[in-house]
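Add 2 to a position in the sequence shown, counting from 1, and you land on the number used in my numbering.
The next block holds one structure in the form of structure tokens; read it before the comments.
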Amino acid sequence: MPHAVARLRAQRLAQSQRPFKARGIKLVRCERCRVARQFCICAWQPQASSEVGVCLLMHDIEPLKPSNTGWLIADVVQHTFAFTWSRTQVEPKLLALLADPQWQPVVVFPEEYAAPEQQVVHQLRPLAAGKKPLFIILDATWMQARKMFRKSAYLANLPVLSFQPEQLSSYLLRRSTRDDHLCTAEVAVLCLELAQQLTAAEQLQRWLARFTEHYLAAKTPPPAAQLARYQAGSKLFATESAKRDKCSV
């Protein structure tokens, strides 16, 4: 079954009145991983689970961007939820998720943008009995994310989790104007580490590195040996997928 971000992408495409023209539109991409087909990474798809939830509030076209890394989070974290952000309307399912007694939600955002009355934390608060952490991550450009943070009244009463990462962002596909602003998947890695979900954190970090490496390879062809390794993995996945499809008929 497609994960939450894939479903949101399909929903957004169905609503669109004209094709979304992302950079590299002429590339033939794998529908599953969004990388150029000859550099497909599906053969390296991680298998991991975790005891936390991630709620992605995505700006309108984020699910359509091939470089979006929220997709990678949904690949790794089983309990990933994705919603399109709107200034004027809030999805009832989002409000229901925030009120679900099994989750203890926290908004992940830099403390410099928090209002004076908002509670800012740097560690997870002790979990109430039967609750699991739900990390709410705003998936957008930084200019868009700041607006989303300010204009989302339903987040105002939730604690703000602020990170001060020692490492600079290593994400090379889209750059922020500030090196201390991490991409969405890098933020999720820090959340998983904080929640002691170390296996999932490592899986996601490696999955992001794999995605970035193959995505960039489509822009600048790698050495022949490296290219052969990529293509071998892509062919192996295609062969195994064909076998599974045949068995399911």
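For every residue, glycine included, the Cβ atom is placed at its ideal position computed from N, Cα and C.
The structure presented is a predicted model; accordingly, all values stated were derived computationally and were not measured.
C-beta contact flag for residue i and residue j at 8 Å
i      : j      : result
GLU53  : GLN146 : no
ARG2   : THR86  : Absent from the model: residue 2. The displayed extent of the chain is 3 to 251, so no value can be given.
HIS5   : THR71  : no
PHE111 : CYS193 : no
PRO65  : ARG11  : yes
THR201 : ALA50  : yes
LEU184 : LEU126 : no
ALA116 : VAL122 : yes
Bridge-paired residues (DSSP) for residue i
i      : result
LEU58  : ALA84, ILE139
GLN106 : PRO135
ARG31  : ALA38
LEU163 : VAL110, VAL123
Rounded Cβ spacing between residue i and residue j (contact assumed at less than 8 Å)
i      : j      : result
LEU210 : LEU29  : The Cβ separation is near 20 Å, so there is no contact.
GLU41  : ALA219 : For the sequence presented, residue 41 should be read as Phe rather than Glu. Indeed, because the Cβ distance is near 5 Å, the residues count as touching under 8 Å.
VAL162 : GLU113 : 6 Å
Nearest neighbour of residue i, chosen from the options [CA to CA]
i      : options                        : result
LEU99  : GLY55, ASN70, VAL79, GLN121    : GLY55
ASP252 : ALA45, ALA101, ASP102, LEU184  : Residue numbering for the chain in the displayed model covers 3 to 251; residue 252 lies beyond these limits and cannot be assessed.
PRO118 : HIS124, ALA158, ALA203, LEU58  : ALA158
SER69  : PRO103, ARG34, LYS133          : ARG34
ALA84  : ALA155, HIS124, LEU58, ALA16   : LEU58
GLN120 : TYR156, LEU160, VAL7, PRO103   : LEU160
SER18  : ARG39, LEU129, VAL7, ILE63     : ILE63
PHE165 : VAL189, ARG31, TYR217          : VAL189
ALA131 : TRP144, TYR156, PRO103, ALA203 : PRO103
HIS216 : CYS32, ILE43, ARG31            : ILE43
ARG31  : VAL191, SER88, TYR156, LYS67   : LYS67
TRP144 : VAL7, ARG39, ARG9, MET60       : MET60
SER88  : PRO135, ARG39, TYR156          : TYR156
ALA101 : VAL79, GLN80, LYS133           : LYS133
Residue-level contact to chain B via CB, residue i, 8 Å cutoff
i      : result
TRP105 : Absent here is chain B; the protein component of the structure consists of one chain.
Would you check if there are 3 or more beta carbon pairs closer than 8 Å linking the region 212 to 224 to the region 104 to 117? No: the two stretches stay apart, fewer than three of their Cβ pairs being nearer than 8 Å.
Using 8 Å as the threshold, is the region 87 to 104 in touch with the region 201 to 209, meaning 3 or more CB pairs across them? The region 87 to 104, when compared against the region 201 to 209, does not touch it at the 8 Å Cβ threshold.
For the structure I just gave you, are there three or more beta carbon pairs, one from the region 123 to 141 and one from the region 151 to 167, closer than 8 Å? yes
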